[in-house]
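Enquirer: Residue numbers (my numbering): 979 to 1425.
1. Would you tell me roughly how many angstroms separate the C-alpha atoms of residue 1202 and residue 1251, rounded to the nearest one?
2. Which residue comes first and which comes last in the alpha helix (DSSP H) that contains residue 1094?
3. Out of 1256, 1298, 1312 and 1264, which has the shortest C-alpha to C-alpha gap to residue 1285?
4. So for residue 1256, helix, strand or coil by DSSP?
5. When you compare the CB positions of residue 1163 and residue 1128, do they come within less than 9 Å of one another, or not?
6. Tell me, please, which residues DSSP counts as bridged to residue 1327.
7. Would you kindly report the start and end of the unbroken beta strand (DSSP E) that includes residue 1012?
8. Give me, in chain order, the residues of the same chain whose beta-carbon lies closer than 8 Å to that of residue 1218; leave out the 5 immediate sequence neighbours on both sides.
9. Check residue 1191 in the structure and name its three-state DSSP category.
10. Considering only residues of the same chain and omitting the five flanking positions on each side of residue 1408, which have a CB-CB separation below 6 Å?
11. Looking at the structure shown, is residue 1174 part of a helix, part of a strand, or coil, going by DSSP?
12. What does DSSP give as the partner residue(s) for residue 1352 in the beta ladder?
13. Rounding to the nearest angstrom, what Cα-Cα distance links residue 1292 and residue 1080 in this structure?
14. With residue 1318 and residue 1399 assumed to form a contact (beta carbons below 8 Å), what rounded beta-carbon distance in angstroms separates them?
15. Pull the bridge partners of residue 1264 from the DSSP assignment, please.
16. Could you check the C-alpha separation between residue 1403 and residue 1345 for me, to the nearest Å?
17. Sort out for me which residues DSSP pairs residue 1214 with in a bridge.
18. Locate the alpha helix (DSSP H) running through residue 1151, then write down its first and last residues.
19. What whole-angstrom Cβ distance do residue 1352 and residue 1343 have, given they're in contact under 8 Å?
20. What number of angstroms, rounded off, separates the C-alpha of residue 1378 from the C-alpha of residue 1395?
21. Taking Cβ positions, are residue 996 and residue 1073 nearer each other than 9 Å?
22. Would you say the segment 1273-1282 touches the segment 1236-1246, given that touching needs at least three Cβ pairs under 8 Å?
23. Hey, residue 1367 and residue 1341 are a contact pair by Cβ (cut 8 Å); roughly how many whole angstroms apart?
24. What does a CB cutoff of less than 6 Å around residue 1132 pick up in its chain, not counting 5 residues either side in sequence?
25. Excluding the 5 residues flanking residue 1221 on each side, which residues of the same chain have their C-beta closer than 6 Å to its C-beta?
26. Return the Cβ separation of residue 1106 and residue 1149 in integer angstroms, given the expectation that the two are a contact with Cβ distance under 8 Å.
27. Going by beta carbon distance, what residues of the same chain come within less than 8 Å of residue 1322, once the five residues before and after it are set aside?
28. Please report how far the alpha carbon of residue 1017 lies from the alpha carbon of residue 1004, in whole angstroms.
29. Between which two residues does the beta strand (DSSP E) holding residue 1281 run?
30. Which whole-angstrom value describes the C-beta separation of residue 1388 and residue 1328, a residue pair presumed to lie in contact below a C-beta threshold of 8 Å?
31. In angstroms with no decimal places, state the Cα-to-Cα distance between residue 1139 and residue 1015.
32. Between the alpha carbons of residue 1302 and residue 1380, how many angstroms are there, rounded?
33. Kindly identify the DSSP beta-bridge partner or partners of residue 1366.
34. Taking the alpha-carbon positions, what's the residue 1294 to residue 1313 distance?
35. Can the beta-carbon of residue 1120 be found less than 9 Å from the beta-carbon of residue 1098?
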């Protein structure tokens, strides 16, 4: 019988949430792995399973194709591939999960960026027969660019290599060396067979040489840091509240969601980009006055001084305010079909602030298979990842993406029709200062 302390710990663990993404090359078995996780963890409704069984029989398959649990688009089912990011929600007694199943094709690299942008863990699949391939390195690099703190290498289809330990060990060593050079802080390698269910939810009897966790066990126990209160405190103003009623004639509050950190009544804050300072006199949360509020709460903050503050301004502690600048240097993933070119006029959206901007430079384009930089490409096309320098019409208060994924990221938008052109990450590309060679030719750059 468990003690009350153990029951309390179980309850706490069950309320934690893990956001994770899957990635890998075409036919590595991502959708099958996700389907196996959902099926074996009893997270599939009876009618869903029945529909998958029916679809599998119509395709001449005797066993249900669990990949169909995630490949929801008709084109995906017809071609047997993943095209769009498929989000799935499931839970076990120990944790809740939000899963982004991302495509494996090279031309859908931008979709992985979308799926992994909020992930705390990335599962990178590798076919045991093929080992680490170019697309594997791309996905590891994207995870490193997005500062995903945990990466799982799932060496799939071990049943097709007779569950050989040397095959797994060689792949794990190669991938770990590469990902470590990119600055990925934690890498866990797990040998699996998604089709047969080995080491996905239940331990495999075919790989007694492996003593580590199953995929689900690792997902349930990996440390998840939701403590945004440890980050630099940032409060983007979304709306200014001024009722001007008889009951509240002088009320002026600044509403929004705390992006990171915590704010307290009596704390001195700086308003950016103006640089003016004031003191927090009150914090209203859900209609009640509180002394402290923290991310990601939505609150209304009131200040002692009557300062000109509007949507898009940022409140930060007076002693820990980010520097403002009109020159933004960042790594961007180009997500639109139309190119991004030097001299192009764009809108830059950062938190609640949107300003006019112009692309001043595209210093380099990154090839993810060997991390070499192609200098001065002139433009970025769909799925390209490159460095850009953007000049904004008004100062912005950006943090480095390495310090804050919330306030270090931004979007570049086409001012003509509102299309998102690129997703940006301010500051350095990777966590390490790894020197890479400069590419001398065009070969291998289009992906």
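Heads up, the beta-carbon is just placed ideally off N, CA and C, and yes, glycines get one too. Quantities reported herein were computed from a predicted structural model and do not represent experimental measurements.
Expert: Straight from the coordinates:
1. 33 Å
2. 1087-1094
3. The option with the nearest alpha carbon to residue 1285 is 1256.
4. strand
5. yes
6. 1332 and 1389
7. Looking at the DSSP string, residue 1012 is not in any beta strand (DSSP E); the run it does join, the alpha helix (DSSP H), is 1008-1018.
8. 1230, 1231, 1232, 1233, 1287, 1288 and 1289
9. coil
10. 1122, 1160 and 1161
11. coil
12. 1343.
13. 33 Å
14. 5 Å
15. Bridge partners of residue 1264: none, in fact.
16. C-alpha of residue 1403 to C-alpha of residue 1345: approximately 17 Å in a straight line.
17. As a beta-bridge residue in DSSP terms, residue 1214 pairs with 1292.
18. 1143-1160
19. The Cβ separation is near 5 Å, so the contact holds.
20. A direct Cα-Cα distance of roughly 29 Å separates residue 1378 from residue 1395.
21. yes
22. Yes, they touch.
23. 7 Å
24. 1101, 1103, 1168 and 1170
25. Hits under 6 Å: 1229.
26. Yes, residue 1106 and residue 1149 are in contact; Cβ-Cβ is about 7 Å, under 8 Å.
27. Correct list, in chain order: 1336 and 1337.
28. 22 Å
29. Counting along the chain, residue 1281 sits inside the beta strand (DSSP E) bounded by residues 1276-1281.
30. 4 Å
31. 22 Å
32. 17 Å
33. 1308
34. Their backbone Cα atoms lie some 31 Å apart in a straight line.
35. Cβ atoms of residue 1120 and residue 1098: not closer than 9 Å.
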